[in-house]
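J.:
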Amino acid sequence: MDALAKLQILSGAARYDASCASSGSKRDASTSGTGNTSQSGICHSWSDDGRCISLLKILLSNDCRYDCAYCVNRSSSLVERASFTAREVVDLTLEFYRRNYIEGLFLSSAVMQSPDCTMERMVRVVETLRTEEQFGGYIHLKIIPGCSSELVRKAGLYADRISVNIELPSQISLQRLAPQKNKDAILEPMALIGREINSSLVERKASRNAPRFAPAGQSTQMIIGASPENDFQILRLSQGLYKKMNLKRVYYSAYVPVSDDNRLPVLSAPPLLREHRLYQADWLLRFYGFSAEEILSDDAPNLDETFDPKTAWALRHPEFFPVEINRADYATLLRVPGIGVTSAKRIIAARRFSAVTPEGMKKIGVVMKRAKYFITGSGRTFEKPDRTPALLRQQLLLGEGSLIVPSRQLVLPGLFL
Amino acid sequence: MNRYLYDGTADGLLSAIAWIIEEEPDPERVALAEREDTLFEEGFFISTDAIQAESLFFRLRRRAPDAAHTLYSFMMAEKEGMAGSLLHYISLAFTHGDKINGYLTHPDVRDIVSIAKKAGRELHRMKGLLRFEKLLDGAYLAKMGPDYNIIQPLAYHFCSRLRAQNWFLYDIKRYTAARWSNGALQFGSIEQFTTPALSEDEKKVQALWQTFFKTIAIPDRKNPRLQKSNMPVKYWKYLTEKQG
Numbered sequence: 000m001d002a003l004a005k006l007q008i009l010s011g012a013a014r015y016d017a018s019c020a021s022s023g024s025k026r027d028a029s030t031s032g033t034g035n036t037s038q039s040g041i042c043h044s045w046s047d048d049g050r051c052i053s054l055l056k057i058l059l060s061n062d063c064r065y066d067c068a069y070c071v072n073r074s075s076s077l078v079e080r081a082s083f084t085a086r087e088v089v090d091l092t093l094e095f096y097r098r099n100y101i102e103g104l105f106l107s108s109a110v111m112q113s114p115d116c117t118m119e120r121m122v123r124v125v126e127t128l129r130t131e132e133q134f135g136g137y138i139h140l141k142i143i144p145g146c147s148s149e150l151v152r153k154a155g156l157y158a159d160r161i162s163v164n165i166e167l168p169s170q171i172s173l174q175r176l177a178p179q180k181n182k183d184a185i186l187e188p189m190a191l192i193g194r195e196i197n198s199s200l201v202e203r204k205a206s207r208n209a210p211r212f213a214p215a216g217q218s219t220q221m222i223i224g225a226s227p228e229n230d231f232q233i234l235r236l237s238q239g240l241y242k243k244m245n246l247k248r249v250y251y252s253a254y255v256p257v258s259d260d261n262r263l264p265v266l267s268a269p270p271l272l273r274e275h276r277l278y279q280a281d282w283l284l285r286f287y288g289f290s291a292e293e294i295l296s297d298d299a300p301n302l303d304e305t306f307d308p309k310t311a312w313a314l315r316h317p318e319f320f321p322v323e324i325n326r327a328d329y330a331t332l333l334r335v336p337g338i339g340v341t342s343a344k345r346i347i348a349a350r351r352f353s354a355v356t357p358e359g360m361k362k363i364g365v366v367m368k369r370a371k372y373f374i375t376g377s378g379r380t381f382e383k384p385d386r387t388p389a390l391l392r393q394q395l396l397l398g399e400g401s402l403i404v405p406s407r408q409l410v411l412p413g414l415f416l
Numbered sequence: 000m001n002r003y004l005y006d007g008t009a010d011g012l013l014s015a016i017a018w019i020i021e022e023e024p025d026p027e028r029v030a031l032a033e034r035e036d037t038l039f040e041e042g043f044f045i046s047t048d049a050i051q052a053e054s055l056f057f058r059l060r061r062r063a064p065d066a067a068h069t070l071y072s073f074m075m076a077e078k079e080g081m082a083g084s085l086l087h088y089i090s091l092a093f094t095h096g097d098k099i100n101g102y103l104t105h106p107d108v109r110d111i112v113s114i115a116k117k118a119g120r121e122l123h124r125m126k127g128l129l130r131f132e133k134l135l136d137g138a139y140l141a142k143m144g145p146d147y148n149i150i151q152p153l154a155y156h157f158c159s160r161l162r163a164q165n166w167f168l169y170d171i172k173r174y175t176a177a178r179w180s181n182g183a184l185q186f187g188s189i190e191q192f193t194t195p196a197l198s199e200d201e202k203k204v205q206a207l208w209q210t211f212f213k214t215i216a217i218p219d220r221k222n223p224r225l226q227k228s229n230m231p232v233k234y235w236k237y238l239t240e241k242q243g
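First to last, the sequence lines map onto chains A and B.
Counted the way numbering that gives the first Met the number 0 counts, the first sequence spans residues 0 to 416.
Counted the way numbering that gives the first Met the number 0 counts, the second sequence spans residues 0 to 243.
#1: Applying the criterion that 16 or more other CB atoms from any shown protein chain within 10 Å of the CB defines a buried residue, is B/F212 buried or exposed?
#2: Check each residue of the region 232–243 of chain B: if its Cβ is closer than 8 Å to any Cβ of chain A, include it; give the result in chain order.
#3: Between the Cα of B/Y237 and those of A/K25, A/H43 and A/G339, spot the shortest distance and give me the residue it belongs to.
#4: Do B/S188 and B/N165 have their beta-carbon atoms positioned less than 7 Å apart in this structure?
#5: Considering only the beta carbon of each residue, do B/I50 and B/A15 sit closer than 7 Å?
#6: Please list the segments of the beta strand (DSSP E) lying wholly inside the region 85–161 of chain B, counting only runs of 3 or more residues, in order along the chain.
#7: For A/V125, which option in A/R86, A/E102 and A/A4 has the closest C-alpha, if you only look at C-alpha atoms?
#8: Name the residue from A/L277, A/G49, A/S75 and A/G145 whose alpha carbon lies nearest to the alpha carbon of B/P218.
#9: Kindly list the residues whose CB is nearer than 8 Å to the CB of B/Q235, restricted to its own chain and excluding five residues on each side of it in sequence; keep chain order.
#10: Going by CA-CA distance only, name the one from B/Y139, B/N148 and B/L161 that's closest to B/P195.
#11: Just to confirm the assignment: which complete alpha helix (DSSP H) runs, minimum length 4, are found wholly within the region 316–367 of chain A?
#12: For B/G83, which residues from the same chain have a beta carbon less than 6 Å from its beta carbon, with the 5 sequence-adjacent residues on both sides left out?
#13: Would you identify the three-state DSSP class for A/G103, choosing helix, strand or coil?
#14: Which of the residues in the region 154–187 of chain B, read from start to end, lie with their CB under 7 Å from any CB of chain A?
#15: Would you call the region 94–111 of chain A and the region 132–144 of chain A in contact, with 3 or more CB pairs under 8 Å?
#16: Taking B/G137 as the query, report the chain A residues whose CB atoms sit under 9 Å from its CB, ordered along the chain.
#17: Does chain B have any CB closer than 7 Å to the CB of A/Q279?
#18: Going by the C-beta, is A/D115 closer than 6 Å to any heavy atom of the ligand PLP?
#19: Between B/T214 and chain A, is any beta-carbon pair separated by less than 7 Å?
#20: List, in order along the chain, the chain B residues whose C-beta lies closer than 7 Å to that of A/D27?
#21: Would you please verify whether the beta carbon of A/D1 is less than 7 Å from any beta carbon of chain B?
#22: So A/S107 contacts chain B; which residues on that side make the cut at Cβ distance below 7 Å?
#23: I need the DSSP call for B/E33, collapsed to helix, strand or coil.
#24: Checking the sheet assignment: what are the DSSP bridge partners for A/M221?
#25: If B/F73 sits next to B/I114, beta carbons under 8 Å apart, how far is it from one beta carbon to the other, in whole angstroms?
#26: Pick from B/G42, B/M75, B/G101 and B/E77: whose alpha carbon is nearest that of A/R351?
#27: Under 7 Å between C-beta atoms, does B/D219 make it to chain A?
#28: Is it buried or exposed, A/A205, if we count other Cβ atoms within 10 angstroms and call 16 or more buried?
#29: Pick from A/Q133, A/S169 and A/M118: whose alpha carbon is nearest that of A/A154?
#30: So is B/F211 in contact with chain A if we call contact Cβ pairs under 7 Å?
#31: Taking C-beta to C-beta, are B/D25 and B/A63 nearer than 7 Å?
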């Protein structure tokens, strides 16, 4: 099989991994090698699904021993199988990098003979890139759950980011859909990576020459809509991962039907709106000072499809508003629907010079579509006051100028025990 | 209100601004424009002094590094008719320091910052969207047609990134080029440009990239609008993955 045919199979098999970040790591180029990394990350292209391409995202092999129901590469699937040699991956990466197609390599793999054997082959690829070829570009390496901690440590020394996929939001679902995987084998390397990252940061404070361990941090991914967990369970899990495991990112991947296994729900299309709302809620956790318990509760465990999670929170908390934009602190401004990190910072910077008026808000680039219902400027309201929550909901909806999007997720009753 | 003129060059603009900030008590109340040499043109002409221009930039960088960066990006946009706004912006930057970029309710600050941002955004974009092709002699060539004059900072970016190979950048709109050869960077202009022959394996590598580009998209999530908003069609002309 030639390189082109392999690339077709092994990039097609890798496309369900959502992460394509190339940020968070700053490395200067070596004097004789090729490549560096940029703190902000660089996107090199956008594929037909609109997602950014910054890394050569491939599997080393799709020849999998496991039979996870949701996965296109499960052993019972009839897809064509292929495996790259280490040299093939190294050459592809370098040829692409020299033409500025990519920012680096994202290497994952199906589980071949054993986790250890697979992980060892993956580590050998990045070792060749870093030491023989002196490649300085970005590398994201997947960790195969169940591999030895020695290999995890080695991976972290060569890669900018490493990640272990949590796959499904609960142990029960994992048992049902991926019986050969288990929670402990996934969480153990995550905890190890978290510890190694921390101790490397401490060592680097003492000495700048101490080795870096996964400088762009660790991330994970879970599949949304293949199992019955509600959004509250998912968000609490993410919150725990951010707080306890110190993860940089949790990725959510709307389940794309790739199998007619009867353990899986029947979907008319991937639950993209749900995925979008989860990402919005995830941003609220990481950058807006919200907790999962503020966004959702046991009584209302799923994210509103009509409103973004922050607007939904604001509608439940009329006592918090209106917010006075010329006095509110950063954390309070961030709670206003429509005001994000950029807008909040701009408001604070601009009011150092003079009080911000409604016209001023537009001038500094704050989008007022939603915000105007929730703020005052020097005591003046932006919209007529005294609106009841019901009226406000209606205003917000009509103001959006779009119809309510009906749920695209079709869940057959009785499917989940 | 005093009216001043300069010769239309970047150095002329900055030296005029340096002179006015030095001599005028209230630069905010002064007008500055490019000299057009019409019969009844009013205004005092300030002659160009490259040393003054450079010294202004360095002083600004010490006083307000972010504002100096904004000035640099603004100059890449080569916008005409904004000399007055730039004068006011720089004078305010010396008064307020880096806080100035937050003063977006001031019309001149907003204009300068927003143009600088657009130019900076295109520079960042081109760091990703530039595509090199390997030539017969082993060097790499990238053609581009950006809206702003970004070739200098773009070339510096690739100097450290692709230092192990010889390469050229060519801006087909401005006929300017950058050349990195054996560890040295040069800028110049090319009036008549013909694309040299490609290396033998180039088409093969391009086919690999085109294949990857096609298969990495998830068919069930096809979203051409999102693709175009992230990667405007004007850049597609030089993208390897959008050919063939």
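From the three backbone atoms N, C-alpha and C, an ideal C-beta is built for every residue, glycine too.
If you're wondering where the values come from, they're calculated on a predicted model, not measured in any experiment.
T.: By the coordinates alone:
#1: Burial call: buried.
#2: L238, T239 and E240
#3: A/H43
#4: no
#5: no
#6: 131–133 and 139–143
#7: A/R86
#8: A/G49
#9: In the sequence as presented, Gln is not what sits at residue 235 of chain B; that position holds Trp. Cβ within range, chain order: K241.
#10: B/Y139
#11: 329–332, 340–349 and 357–362
#12: A30 and L31
#13: Three-state DSSP puts A/G103 in a strand.
#14: S159, R160, L161, R162, A163 and Q164
#15: yes
#16: Those do not exist, as B/G137 stays about 11 Å from chain A at its closest Cβ, beyond 9 Å.
#17: no
#18: Ligands are entirely absent from the displayed structure, and the ligand PLP is therefore not among its contents.
#19: yes
#20: S159
#21: no
#22: None at all; the shortest Cβ gap to chain B is about 13 Å.
#23: strand
#24: A/E166 and A/Y251
#25: 6 Å
#26: B/G101
#27: Contacts with chain A at 7 Å (Cβ-Cβ) include B/D219.
#28: exposed
#29: Nearest C-alpha to A/A154: A/M118.
#30: yes
#31: no
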